[in-house]
Amino acid sequence: MKIANKEINRFNFIPRHGSRNRIYFLSFAVGILSGLAAFILKNTVHYTHHFLTHGFHVDRGNLLYLAYPVIGIGITVLFVKYVVKDNIGHGVSKILFSISKKQGRIKPHNSWSSIIASTFTIGFGGSVGAEAPVVLTGASIGANLGRFFKLNHKTMILLIGCGSAGAIAGIFKAPIAGLIFTLEVLMIDLTMASLIPLLISAVTAASLANYLMGDAVLFSFSQTESFALNTIPFVILLGVFSGFLSMYFTRGVMLTEKKLGLLKTETQKLLVGGIILSVLIFLFPTLYGEGYTTIISLLHGESSAVVENSIFHSIADNHYLFLLYLLFILLFKVFATSITTGAGGIGGIFAPTLFMGGVSGYLISRLFNGFGLHLSESNFVLIGMAGMMAGVMHAPLTAIFLIAEITDGYGLMLPLMIVAVVAYITIMYFEPHSLYHKRLAQRGQLLTHHKDKTVLTLMKMDSVIEKDLETIGPDKTLGELIKVISRSHRNIYPVVDEENMFLGIIFLNDIRNLMFRPEKYDKFLVKQLMVKPPGMASTRQSMEEIMDVFESTDAWNLPVVDEGKYVGFVSKAKIFNAYRKVLVHYSDE
29 MKIANKEINR
39 FNFIPRHGSR
49 NRIYFLSFAV
59 GILSGLAAFI
69 LKNTVHYTHH
79 FLTHGFHVDR
89 GNLLYLAYPV
99 IGIGITVLFV
109 KYVVKDNIGH
119 GVSKILFSIS
129 KKQGRIKPHN
139 SWSSIIASTF
149 TIGFGGSVGA
159 EAPVVLTGAS
169 IGANLGRFFK
179 LNHKTMILLI
189 GCGSAGAIAG
199 IFKAPIAGLI
209 FTLEVLMIDL
219 TMASLIPLLI
229 SAVTAASLAN
239 YLMGDAVLFS
249 FSQTESFALN
259 TIPFVILLGV
269 FSGFLSMYFT
279 RGVMLTEKKL
289 GLLKTETQKL
299 LVGGIILSVL
309 IFLFPTLYGE
319 GYTTIISLLH
329 GESSAVVENS
339 IFHSIADNHY
349 LFLLYLLFIL
359 LFKVFATSIT
369 TGAGGIGGIF
379 APTLFMGGVS
389 GYLISRLFNG
399 FGLHLSESNF
409 VLIGMAGMMA
419 GVMHAPLTAI
429 FLIAEITDGY
439 GLMLPLMIVA
449 VVAYITIMYF
459 EPHSLYHKRL
469 AQRGQLLTHH
479 KDKTVLTLMK
489 MDSVIEKDLE
499 TIGPDKTLGE
509 LIKVISRSHR
519 NIYPVVDEEN
529 MFLGIIFLND
539 IRNLMFRPEK
549 YDKFLVKQLM
559 VKPPGMASTR
569 QSMEEIMDVF
579 ESTDAWNLPV
589 VDEGKYVGFV
599 SKAKIFNAYR
609 KVLVHYSDE
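Just so we're on the same page, the numbering used here is the position in the sequence shown counted from 1, plus 28.
The following block contains the structure:
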């Protein structure tokens, strides 16, 4: 009875007022710490960048742009290999994996290692963002606080969400966007039990960042030009363009990282990737670092600033050449980002997504303004950022509210909603998963808002394999089979050879008419009586794939075979029992 009570208490989710208040306090603490993490990372990246690049220009022959990215990624690789000794790349995907397959466990070093590694990568020019590293940092803070206080699984997942929400809220000074990012991207269930802690963390982190940095939080821009309804067709066009650009971004990043992954050693990846990145940054200095200075320049109408440090600075006054330059930036930003991470750098896709969105919005508006229209270029920069974020991250609500919050107003709410929806619908036709989720989805390890699929993802194959079935060889007689049946409590008998290779099965019902006829015992061999199963399962299949086999075959039991060898059986009844236990554990009261 005591053991049962312990198990019940273990799975309770904020059942008492005291526990609820403790969660509120912990969410406040997570908000403070994740806000501080955002403050530290943004400042270390900013001052590293400023220290290295202050006062020199590429068009004057300065070749440091060729050296900095390789040096930064090299330091990062050494730091990760000899200090961290763990993979810390793809921060958001790592959080999703920890929720999906590791019960929310995130190693303690992630509370600081991503900050240091991404500072070297981005500060030295790596073309990635600081958001994913700080989100991993915030999630690690929440997870390890939960582990320290020995909280249950669901509460730990909630604190991971609090840390992630706080990190986004702190780095952008956007608490609503932080909350919605957690719900859309990390797929934390929205319930009243989870909403309040997430809000506490997001508001706390945003308030702290606002207090410590004020307008220096990434970038601040107040919308001054009103949105004209007659520009809605161009917003829709920008949404479609953002959707296709998002597809290019997603597939380009995956393909480039895959190609770099074919290189055998870290040194080869660093040299090949670093050299290509350095050349790209030398030709297009706007690819250096996160790219927010470029967005700020475009928002304030300072388009010449985009090319003034480039060897192509003379094209600033040529309308079509400048647009061509912007198009090349969009094309090469994808490679600069994926090469940075593929070569060993640490960073995320958040900033590159916003960068490409801002540039694409400016490109579209500047293109049509060249034909005599009067589109607000600053508004289209902001709208483009929302469209690209909705497409790449599959997070339209996050995109809408993030842009609304960083502009200190909601005057663009209508076009933001239009571009986000259009971009999202466009990309969904080609890519059902965001870049964050795609890596896990390919391995069947992705949690979704579809609770049935989520529970199947959380279930372990090893826990449902039944190994208590009696096996028999194909050359055994019916009489020997009867002896096996007499000592078995099952009605299925797998047939295997001497090397345990699976050959077929015998159903008790199929031989019932022969069981009570002793004269037949020596006349039939097992291989004459066995049949092929309606389907088979593998230990390498996900639980969702196995359920698809059950559905397509109408079977209640399937043999589990690994490389031809018999492992055991899996039954619908066993899966349903395990499913129910996981569902009780996963669901809120």
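We put the beta carbon where it would ideally sit given N, CA and C, even for glycine. For clarity, every value in this text was computed on a predicted model and none was experimentally measured.
Can you look up residue i in the DSSP assignment and give me helix, strand or coil?
i, result
"Gly-117", "coil"
"Ile-520", "strand"
"Gly-376", "strand"
"Ala-221", "helix"
"Gly-198", "helix"
"Met-529", "strand"
"Ile-339", "coil"
"Asp-538", "helix"
"Lys-600", "helix"
"Asp-576", "helix"
"Leu-179", "coil"
"Ala-583", "coil"
"Tyr-438", "coil"
"Ile-493", "coil"
"Leu-327", "helix"
"Ile-134", "coil"
"Tyr-549", "coil"
"Gly-157", "strand"
"Ala-344", "coil"
"Tyr-457", "helix"
"Lys-292", "coil"
"Thr-505", "strand"
"Val-554", "helix"
"Ala-565", "strand"
At the level of alpha carbons, what is the spacing between residue i and residue j?
i, j, result
"Val-281", "Lys-361", "10 Å"
"Met-543", "Gly-507", "9 Å"
"Ser-270", "Met-220", "34 Å"
"Gly-501", "Val-589", "16 Å"
"Thr-149", "Ala-256", "41 Å"
"Tyr-594", "Leu-586", "11 Å"
"Asp-503", "Lys-495", "22 Å"
"Phe-350", "Ala-344", "6 Å"
"Leu-186", "Tyr-52", "11 Å"
"Ile-199", "Leu-283", "29 Å"
"Leu-305", "Thr-368", "7 Å"
"Gly-592", "Asp-525", "11 Å"
"Gly-63", "Gln-569", "40 Å"
"Ala-205", "Ala-423", "10 Å"
"Asn-172", "Pro-136", "6 Å"
"Lys-286", "Met-558", "46 Å"
"His-118", "Gly-191", "17 Å"
"Ile-411", "Val-387", "11 Å"
"Leu-308", "Met-416", "22 Å"
"Tyr-549", "Arg-133", "57 Å"
"Ser-126", "Ile-339", "45 Å"
"Ser-516", "Arg-540", "15 Å"
"Val-105", "Val-112", "10 Å"
Spatial neighbours of residue i within its chain, please: CB distance less than 8 Å, with the 5 preceding and 5 following residues excluded, ordered by chain position.
i, result
"Ser-325", "Ser-331, Ala-333 and Val-334"
"Asp-480", "With a pLDDT of 49 at Asp-480, under the threshold of 50, the modelled position of this residue cannot be trusted; read the value that follows with caution. Excluding positions up to five away in sequence, the list is empty."
"Lys-109", "Glu-294"
"Ile-143", "Ala-65, Ile-68, Leu-69, Thr-72, Pro-161, Val-162 and Thr-165"
Verify the contact flag: residue i, CB atom, against every heavy atom of the ligand MG, threshold strictly below 8 Å.
i, result
"Leu-401", "For the structure depicted, the ligand MG is absent and the ligand set is empty, with no information on it obtainable."
Got a sec? Which residues, its chain only, sit under 6 Å from residue i by beta carbon, not counting five neighbours each side?
i, result
"Gly-398", "His-347"
"Ala-448", "Ala-414, Ala-418, Pro-424, Ala-427 and Ile-428"
"Val-162", "Ala-65, Ala-66, Leu-69, Ala-195 and Ile-199"
"Ser-393", "Leu-403, Glu-405 and Phe-408"
Residue i and residue j look like a contact to me (Cβ under 8 Å); what is the Cβ gap, rounded to whole Å?
i, j, result
"Gly-596", "Ala-583", "About 15 Å; that fails the 8 Å criterion."
"Gly-154", "Gly-373", "4 Å"
"Val-623", "Tyr-464", "In the structure as shown, the chain starts at 29 and stops at 617, and residue 623 therefore has no counterpart that could be examined."
"Leu-384", "Leu-358", "With the sequence shown as reference, residue 384 is identified as Met, and Leu is not the correct amino acid for it. Met-384 to Leu-358, Cβ: 6 Å. Contact."
"Asn-519", "Leu-531", "In fact, because the Cβ distance is near 18 Å, the residues do not count as touching under 8 Å."
"Thr-278", "Val-450", "About 17 Å; that fails the 8 Å criterion."
"Ile-455", "Val-263", "No, Ile-455 and Val-263 are not in contact; Cβ-Cβ is about 16 Å, not under 8 Å."
"Thr-322", "Val-156", "With a Cβ gap of about 15 Å, Thr-322 and Val-156 do not count as contacting."
Counting only the same chain and skipping the five closest in sequence on each side, list residues whose C-beta sits under 7 Å from that of residue i.
i, result
"Asn-528", "Lys-593 and Tyr-594"
"Pro-225", "Ile-51, Tyr-52, Ser-55, Leu-186 and Cys-190"
"Pro-97", "Phe-152, Gly-153, Gly-154, Gly-302, Leu-305, Ser-306 and Ile-309"
"Ser-342", "none"
Could you confirm whether any beta carbon from chain D is found closer than 9 Å to the beta carbon of residue i?
i, result
"Tyr-110", "The chain inventory of the structure shown lacks chain D, comprising one protein chain alone."
Would the segment 430 to 440 count as touching the segment 291 to 298 if we require 3 or more Cβ pairs under 8 Å? No contact exists between the segment 430 to 440 and the segment 291 to 298.
Would the segment 228 to 237 and the segment 57 to 73 be scored as touching if the rule is three or more Cβ pairs under 8 Å? Contact between the segment 228 to 237 and the segment 57 to 73 is present, because at least three Cβ pairs lie under 8 Å.
Segment contact, 8 Å Cβ cut-off, at least three pairs: the segment 309 to 322 with the segment 455 to 464: no
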